[in-house]
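Numbering (the numbering used here), first residue to last: -14 to 59. Note that the Cβ used here is the ideal one computed from N, Cα and C, for glycine as well.
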């Protein structure tokens, strides 16, 4: 059976929890690391970037944002 392919929207909260390595992050891991098509908005990227900069330097923030952009259609 073919079925429809799923496209997921991965929001800011999901990315933040994923990067934190929290229990909630473990729950969203299957979507972030999955094979489904994924989308994210530019606002989500900005929100996550700001959060990352609260804990890490700009170099790490850029790397994590690149992961998001590689995984998702913006």
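{"Asked": "Cβ-Cβ distance between residue -6 and residue 24 below 8 Å", "Found": "yes"}
{"Asked": "Whole-angstrom distance between residue 33 and residue 0, CA atom to CA atom", "Found": "7 Å"}
{"Asked": "Buried/exposed call for residue 4, threshold 16 Cβ in 10 Å", "Found": "buried"}
{"Asked": "Buried or exposed (CB count within 10 angstroms, at least 16 for buried), residue 17", "Found": "buried"}
{"Asked": "Residue 4, DSSP secondary structure in three states", "Found": "helix"}
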